[in-house]
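Chemist: Heads up, our numbering is the position in the sequence shown plus 9, with the first residue counted as 1.
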Amino acid sequence: MGRVSRRAFAVAALSAFTMMPQASAAPGRRGGTPDSEMRGVWIATVANRDWPSKSGLSAAQQRAELLTHLDTAAGNRLNTVFFQVRPTADAMWPSPYEPWSQYLTGTQGKDPGWDPLGTAVEEAHARGLQLHAWFNPYRVAVHADPSRLAASHPARENPDWVVTYGGKLFYNPGLPEVRAFVEDAMLDAVAKYPVDGFHFDDYFYPYPVAGQTFDDDAAYDEHGGGFPDRAAWRRDNIDRLVRETADRVKEVRPGARFGISPFGVWRNAGTDPLGSDTTAGVETYDDLHADTRKWVREGWIDYIVPQLYWNIGFAPADYAKLLPWWAEAARDSSTQLYVGEALYKAGDPAQPAAWQQTGELSRHLTLAGEYPQVRGHVYFAAKDVAADRIGAMARVVADHYGQPAPPPR
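1. Determine contact between the segment 155-167 and the segment 207-214, defined as no fewer than three beta-carbon pairs at a distance below 8 Å.
2. Mind listing, in chain order, the continuous alpha helix (DSSP H) runs of no fewer than 4 residues lying wholly within the segment 51-110?
3. Under 8 Å between the Cβ atoms of H141 and G206?
4. Smallest Cα separation from R418: which of E307, T293, F267, Y294?
5. At which residue ranges does the segment 145-219 contain complete alpha helix (DSSP H) runs of 4 or more residues, listed in the order of the chain?
6. Grouping DSSP H, G and I as helix and E and B as strand, with all else coil, what is L126?
7. If contacts are defined as beta-carbon pairs under 8 Å, then S64 and T114 qualify, I think. What distance do you get, rounded to the angstrom?
8. In three-state terms, what does DSSP make of W275?
9. Could you please give the first and the last residue of the uninterrupted alpha helix (DSSP H) stretch that includes V305?
10. What residue ranges within the segment 290-378 form continuous beta strand (DSSP E) runs of no fewer than 3 residues, ordered along the chain?
11. Let me know if S156 comes out buried or exposed under the rule of 16 or more other beta-carbons within 10 Å of its beta-carbon.
12. What residues match up with S285 in a beta bridge as DSSP calls it?
13. Could you give the residue range of the alpha helix (DSSP H) that holds R266?
14. Could you give the distance in angstroms between the alpha-carbon of P271 and the alpha-carbon of Y328?
15. Nearest-angstrom Cα distance between V406 and P413?
16. Pull up the DSSP beta-bridge partners for V383, would you.
17. Indicate the three-state DSSP secondary structure (helix, strand or coil) for A401 in the structure shown.
18. Which two residues bound the contiguous alpha helix (DSSP H) that contains E231?
19. Using DSSP with H/G/I as helix, E/B as strand and the rest coil, what is Y410?
20. Can you give the Cα-Cα distance for V387 and D230, rounded to whole angstroms?
21. Looking at the secondary structure, which residues open and close the alpha helix (DSSP H) in which A390 lies?
22. Taking all protein chains shown into account, decide if Q345 is buried (16 or more other Cβ within 10 angstroms of its Cβ) or exposed.
23. In the DSSP assignment, the alpha helix (DSSP H) including K259 goes from what residue to what residue?
Printed below as a string of structure tokens:
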């Protein structure tokens, strides 16, 4: 099957769009009762995507913006926030391992004068919201210049840990010492704060860049013995990160849940008969070396939130085809399934016609209600919940969130 680029997903003409019935207003999607379900929102800090709105704001301004996002989540009857606390091998809390994030003050390593993660946990709980700390394990910088990192940054002190790829800096997942370090750095937050969850996004090995090679030759030569090929070794490196992190979260904070939000396509059916009826340009198993289906089937993680960021009827990656595929993957497993929803696309003129309709996301929830494995939804992202450009979030709330609901446990 032909492969479609990620950019093509955003700009391709709508194909075979299928209208779903309008969602009926109901207090709950299962039996008309407000059962437990995930109603989440991501608060992205990388590049000041959602928060803070720009770097260099005062501590009081940053805090006020953060509390507004929490109030907005609660006001939309959401119950969980996924707060990005380690966007680029840095920290949104006072960490002994890594510098303060540049997205706070504009200068990596500069103390912002307050504790964003500590405040976020306390204030989320005060509003009846759970808080999952969201970490990016291997991304070091969204540029390729190590000299721009804080002088004490571990990537500068250990340059052999770093791979430059696609104009960015990454820690090398193939080095056991890197894996141990990033686990230590992330678990510091879990040990210090009463977070309700530990969350990874979709970045493991980086998304492929045409014409470039991720140079891990030395690590493969040293550690890749016994594997049939480099891809199998890379998948094992990510499997180890997932298993070890899961074990350590349970040790450090037994009540916290561990979950991952991968790109929405494991493999296309044209690649693997177990794959989905899609022709996606990225497959996590092959391109990011993340065997997301195995993690679910083996019960290594407590929950998974595949990013099903396409509309119903979008031919290369149809929401209506991916949803049942993931429901089947989660069937009879101990891993709970939530669905990542592309609220950011609603009303974006660059998106297909379906995303110009206020009811597209509501139709997603109506469809998901037919699959008992789906335990809720998470929306990307916070500034889009606040802006609600064409009322898509308000429509979801009106149609599906008539009553508050506790998150699944």
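Just so it is clear, CB atoms sit at the ideal spot from N, CA and C, and this is done for glycine as well. As the structure is a computational prediction, the values presented were derived from the model and not from experiment.
Modeler: In short:
1. With the cut-off at 8 Å, the segment 155-167 and the segment 207-214 do not touch.
2. Taken in chain order, the complete alpha helix (DSSP H) segments of 4 or more residues contained in the segment 51-110 are 68-84.
3. Result yes, Cβ atoms of H141 and G206 sit closer than 8 Å.
4. Considering only E307, T293, F267, Y294, the residue with the shortest C-alpha distance to R418 is F267.
5. For the segment 145-219, whole alpha helix (DSSP H) runs of length 4 or above, ordered along the chain, are 163-166, 185-201.
6. Of the three classes helix, strand and coil, the one that applies to L126 here is helix, per DSSP.
7. Taking a contact as a CB-CB distance under 8 Å, the pair S64 and T114 counts as one, their CB atoms being some 6 Å apart.
8. In the three-state reduction of the DSSP assignment, W275 falls in the coil class, being assigned neither a helical nor a strand state.
9. Taken as a continuous stretch (DSSP letters only), the alpha helix (DSSP H) holding V305 covers 301-307.
10. List check, beta strand (DSSP E) in window: 345-350.
11. Using a 10 angstroms sphere on the CB of S156, the tally of other CB atoms stays under 16, which defines it as exposed.
12. Beta-bridge partners of S285 (DSSP): N277.
13. For R266, there is no enclosing alpha helix (DSSP H); the enclosing beta strand (DSSP E) covers residues 266-269.
14. Annotation: P271 to Y328 spans about 15 Å, alpha carbon to alpha carbon.
15. Going by the C-alpha atoms only, they are around 10 Å apart.
16. DSSP, once it has assigned bridges, lists L346 as partnering V383.
17. In the three-state reduction of the DSSP assignment, A401 falls in the helix class, which pools H, G and I.
18. Counting along the chain, the alpha helix (DSSP H) containing E231 begins and ends at 226-232.
19. Assigned with DSSP and collapsed to three states, Y410 falls in coil, not helix or strand.
20. Their Cα atoms are separated by approximately 40 Å.
21. A390 -> no alpha helix (DSSP H), and no H or E assigned at all.
22. By the neighbour-count rule (16 or more Cβ atoms within 10 Å), Q345 is buried.
23. Under the DSSP assignment, K259 falls in the alpha helix (DSSP H) whose first and last residues are 239-261.
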